[in-house]
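Worksheet: one structure, shown below.
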Amino acid sequence: MRKYTPKDNVQGKAYHTDRFWVSPSVPRTDVSEDAHFAALLEKIKESIAVKDAYIQIGQMVVHINPEDNITVLTLVKEVCDYAMCSEISAVDYLAQDGEFEVFYQMLNLKKAKRIRIVTRLKERQAIESAVPLFNSANFAEREMYDMFGIVANNHPFMKRILMPDDWEGHPLLKTYPLQGDEAASWYEVDKIFGKEYRDIIGAENRDPSKIDRYDTKRFSRVGYEVPFDEDISEGEKKTPIKYSDTLLVNYNKSSKQLDERR
Amino acid sequence: MQQPNKLVPFFENLNFERDDNTMVVNFGPQHPSAHGQLRLMLELEGEMVVKAYPDIGYLHRGIEKMAENMTYNEFLPTTDRLDYIASTANNYAYALAVEKLLGIEAPRRAQAIRTMLLELNRLISHLFFIATHALDVGAMSVFLYAFREREFAMDLMEDYCGARLTHSSVRIGGVPLDLPEGWLAQMMTFLEKMEYELEHTYEALLTENRIWKMRLEDVGVIDAEDALSWGCTGPILRGAGVQYDIRKEEPYELYGELDFDVPVSDRNDAYGRYMLHVEEMRQSARIIRQVMPIYRKSEPQLMAHAPKYLSAPKEEIMTQNYALMQHFVLVTQGMRPPKGEVYAPTESPKGELGFYIKSEGEPYAYRLKCRAPSFYHTGILQKVLVGTYLADVVTMISSSNIVFGEVDR
Numbered sequence: 001m002r003k004y005t006p007k008d009n010v011q012g013k014a015y016h017t018d019r020f021w022v023s024p025s026v027p028r029t030d031v032s033e034d035a036h037f038a039a040l041l042e043k044i045k046e047s048i049a050v051k052d053a054y055i056q057i058g059q060m061v062v063h064i065n066p067e068d069n070i071t072v073l074t075l076v077k078e079v080c081d082y083a084m085c086s087e088i089s090a091v092d093y094l095a096q097d098g099e100f101e102v103f104y105q106m107l108n109l110k111k112a113k114r115i116r117i118v119t120r121l122k123e124r125q126a127i128e129s130a131v132p133l134f135n136s137a138n139f140a141e142r143e144m145y146d147m148f149g150i151v152a153n154n155h156p157f158m159k160r161i162l163m164p165d166d167w168e169g170h171p172l173l174k175t176y177p178l179q180g181d182e183a184a185s186w187y188e189v190d191k192i193f194g195k196e197y198r199d200i201i202g203a204e205n206r207d208p209s210k211i212d213r214y215d216t217k218r219f220s221r222v223g224y225e226v227p228f229d230e231d232i233s234e235g236e237k238k239t240p241i242k243y244s245d246t247l248l249v250n251y252n253k254s255s256k257q258l259d260e261r262r
Numbered sequence: 263m264q265q266p267n268k269l270v271p272f273f274e275n276l277n278f279e280r281d282d283n284t285m286v287v288n289f290g291p292q293h294p295s296a297h298g299q300l301r302l303m304l305e306l307e308g309e310m311v312v313k314a315y316p317d318i319g320y321l322h323r324g325i326e327k328m329a330e331n332m333t334y335n336e337f338l339p340t341t342d343r344l345d346y347i348a349s350t351a352n353n354y355a356y357a358l359a360v361e362k363l364l365g366i367e368a369p370r371r372a373q374a375i376r377t378m379l380l381e382l383n384r385l386i387s388h389l390f391f392i393a394t395h396a397l398d399v400g401a402m403s404v405f406l407y408a409f410r411e412r413e414f415a416m417d418l419m420e421d422y423c424g425a426r427l428t429h430s431s432v433r434i435g436g437v438p439l440d441l442p443e444g445w446l447a448q449m450m451t452f453l454e455k456m457e458y459e460l461e462h463t464y465e466a467l468l469t470e471n472r473i474w475k476m477r478l479e480d481v482g483v484i485d486a487e488d489a490l491s492w493g494c495t496g497p498i499l500r501g502a503g504v505q506y507d508i509r510k511e512e513p514y515e516l517y518g519e520l521d522f523d524v525p526v527s528d529r530n531d532a533y534g535r536y537m538l539h540v541e542e543m544r545q546s547a548r549i550i551r552q553v554m555p556i557y558r559k560s561e562p563q564l565m566a567h568a569p570k571y572l573s574a575p576k577e578e579i580m581t582q583n584y585a586l587m588q589h590f591v592l593v594t595q596g597m598r599p600p601k602g603e604v605y606a607p608t609e610s611p612k613g614e615l616g617f618y619i620k621s622e623g624e625p626y627a628y629r630l631k632c633r634a635p636s637f638y639h640t641g642i643l644q645k646v647l648v649g650t651y652l653a654d655v656v657t658m659i660s661s662s663n664i665v666f667g668e669v670d671r
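Chains as they are written, first to last, in the numbering used here: chain A, 1 to 262; chain B, 263 to 671.
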């Protein structure tokens, strides 16, 4: 039987994994081991429900419900001095759990401490925008929308930021192939020439490593040269191997010393 | 209204529909002062900017997507293409994130080399900043002088790793090579030359220059509150009076044991940020001088010993069977870091450059997010530029020192 390859994750995968391979995990330590984080977590727990909290690689990770994000961000900003929101982005877990994981990376400049506030969203569920608290969320949430399709409610300008406005699909989803999907291969053809030219132009090649041995326009055939743009799909004329010698220079015999330092 | 067709192009730089006496000007995406592919839509009332909207994405190559489709070691050369003015800073930030995930630490000699390379990169980047900043404001000769010194710095990089722009000079777990012979002496010569030129050429040409001061003072004002709220880091944050340098506050590599100052300016304007860059270059030179004896005293080991994740040194691979097998698996399949997530911040020449990596125990990162400082520094343009004159827009863009490789990723 042919091996089943899941269609919901088209990203790169290991070509071989041992059957008995069990991946270890990065150790998580308890929050009580760090006094600052423990006090902070107590404050957060007073106002909202915390699903999980631990310290991983020196930073506290707090899992919360998506409805509480503004409450907890306000709390850490105004009470606990986490004045900067360094990053907002998401991780695609649609295939496993039907959910996105959204994280807010926060920085306390006075104590040089970082926490990550993590929440899980269902597909098509929107999250409240953090722009009223942190203006850095303006670009970050737009990028999150662009890359994953996660909408931030009450964002001042919820538009695509990196991809063109009329792009189809959200590129960082696991279902989106690296080379782009069907719509991506027609995007520039439609834009530059118009939809009516699709048959003439053909779909854009979005694989930079693609090699076509019958394409005599873009690929040279060293030693087996054929005239430029000749159709050789039905066999080609045998040409004797003849390397050009007009451009070759024998540097050993050259009288001119190019590099005077030697 | 323009009626564009295939023969008569659409003049997108000008909008002729003027109903409220404002004019919309597209600054870029091909503008020499935009430092790359920045399209800045400016709404002008006379010469005053009433609305600025930075439109980015013209250099978007999907580097985060590529990271999900490459093994960890394959991805490292791709990070060169983020902030291509200071590639080693990107290589290092990525390598640090993966090392934290693996729980390994580079040996001391590798740390010394990395610290020197990072600071050399900071010098390269800051020289580039002074050069282009002066060029954008109109001082052509500073550009030529600064590029002369930058050339020496790039020669040093080339002597070490063979590349001038895309260095890939750091590996996960250490560095690939030891310093070549005489490199430290050349570095000393370069530092002396650079410090001399800094004082006698750039500063002499710019710092007290009347035109330079008039163009920079009270231009592009970013106060501390704005800088924090918009996620600005690095020289912009320190130029707003907040003394926060990740090298000092959350030290990595050898920075914890080195003696250097974090310059800070409370002027909030482009002139303060220029002065900061100059002072940071002096501090970088000071750091490199301190690292040199540490390097000389260190053991010659260059890569960490972690056989589960990193290949053994070449001699072992060539002589020992197990090392060869391990090397084969690591090259063909790639290393498999443990499950978990990490966010590792570093102080790149532009600001806080951090990599968030989510690993599911596969040889491919499940998610990699590059927190690029320039991305947020572009975001604040829509706030800073409002109310300034068109001539100051260029000053602000070059003063924010954004590089589009890392804005668009």
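No residue lacks a Cβ here, since even glycine has one placed at the ideal position from N, Cα and C.
Neighbouring residues, chain B, relative to residue i (Cβ below 9 Å)
i       : result
A:SER25 : PRO600, LYS601, GLY602, GLY623
A:LEU94 : Result: empty, since nearest Cβ-Cβ is about 13 Å, beyond 9 Å.
Amino acids of chain A, ordered along the chain, whose beta-carbon sits closer than 9 Å to that of residue i
i        : result
B:SER491 : ALA83, MET84, CYS85, LEU133, PHE134, ASN135, SER136
B:GLN588 : Those within 9 Å of B:GLN588 in chain A number zero; the least Cβ separation is about 14 Å.
Through-space distance from residue j to residue i, alpha-carbon basis
i        : j        : result
A:ASP229 : A:THR216 : 5 Å
B:ARG551 : B:LEU453 : 9 Å
A:ASP146 : B:LEU647 : 25 Å
B:PHE637 : B:VAL669 : 4 Å
B:SER403 : B:MET303 : 30 Å
B:ARG544 : B:LEU499 : 19 Å
B:GLY616 : B:ARG509 : 13 Å
A:ARG262 : B:THR377 : Residue placement at A:ARG262 is flagged as unreliable, the pLDDT there being 47, under the threshold of 50; a coordinate-derived value is accordingly withheld.
B:PRO635 : A:PRO177 : 28 Å
B:GLY496 : B:ASN583 : 48 Å
B:LEU363 : B:PRO316 : 35 Å
B:LEU592 : B:LEU572 : 7 Å
A:ARG120 : B:GLY503 : 37 Å
A:LYS238 : B:GLU603 : 58 Å
B:LEU538 : B:PRO525 : 6 Å
A:SER86  : B:HIS395 : 26 Å
For residue i, three-class secondary structure by DSSP
i        : result
B:PRO497 : helix
B:THR469 : coil
B:GLN644 : helix
A:ARG262 : For A:ARG262, the predicted structure reports a pLDDT of 47, less than 50, and the residue's modelled location is therefore unreliable. A value from the coordinates is still provided. A:ARG262: coil per DSSP, three-state reduction.
B:ASP387 : The question names Asp, but residue 387 of chain B is Ser in the sequence shown. In this structure, B:SER387 counts as helix in the three-state DSSP scheme.
A:ASP146 : helix
A:GLU196 : helix
A:THR71  : helix
A:TYR4   : coil
A:HIS16  : coil
B:THR608 : strand
B:ALA355 : helix
B:GLY319 : coil
A:ALA152 : strand
B:TYR571 : coil
A:SER89  : strand
A:ALA95  : helix
A:VAL118 : strand
A:THR29  : strand
B:THR350 : helix
Neighbouring residues, chain B, relative to residue i (Cβ below 7 Å)
i        : result
A:PRO171 : GLY324, LYS327
A:GLY235 : None at all; the shortest Cβ gap to chain B is about 37 Å.
A:GLY12  : GLU330, ASN331, MET332, TYR626
A:ASP57  : Inspection of the sequence shows that residue 57 of chain A is occupied by Ile rather than by Asp. Those within 7 Å of A:ILE57 in chain B are LYS362, VAL604.
A:ALA112 : GLU511, GLU512
Residues that residue i contacts on chain B, provided the C-beta gap is smaller than 8 Å
i        : result
A:TYR163 : Note on residue identity: the sequence assigns Met, not Tyr, to residue 163 of chain A. Simply GLY319, HIS322.
Segment limits, beta strand (DSSP E) that includes residue i
i        : result
A:PHE157 : Looking at the DSSP string, A:PHE157 is not in any beta strand (DSSP E), and its letter there is neither H nor E.
A:ASP52  : 50–56
B:PHE289 : 285–289
Check: residue i C-beta below 7 Å from any heavy atom of the ligand GDP
i        : result
B:TYR584 : Only the bare structure without any ligand can be found here, which leaves the ligand GDP out of the picture.
Bounding residues of the alpha helix (DSSP H) (the contiguous stretch that carries residue i)
i        : result
A:VAL79  : Note, A:VAL79: premise wrong, no alpha helix (DSSP H); not H, not E.
A:GLN59  : That residue, A:GLN59, is in no alpha helix (DSSP H); its beta strand (DSSP E) goes 59–64.
B:SER660 : 652–662
B:MET303 : Premise fails: B:MET303 lies in the beta strand (DSSP E), 301–307, not in any alpha helix (DSSP H).
Q. Just by C-beta distance, which residues in the region 626–655 of chain B are closer than 9 Å to chain A?
A. Residues passing the 9 Å Cβ filter: TYR626, TYR628, ARG629, LYS631, ARG633, PHE637, TYR638, THR640, GLY641, ILE642, GLN644, LYS645.
Q: Check each residue of the region 504–530 of chain B: if its Cβ is closer than 8 Å to any Cβ of chain A, include it; give the result in chain order.
A: Residues passing the 8 Å Cβ filter: VAL504, TYR506, GLU511, GLU512.
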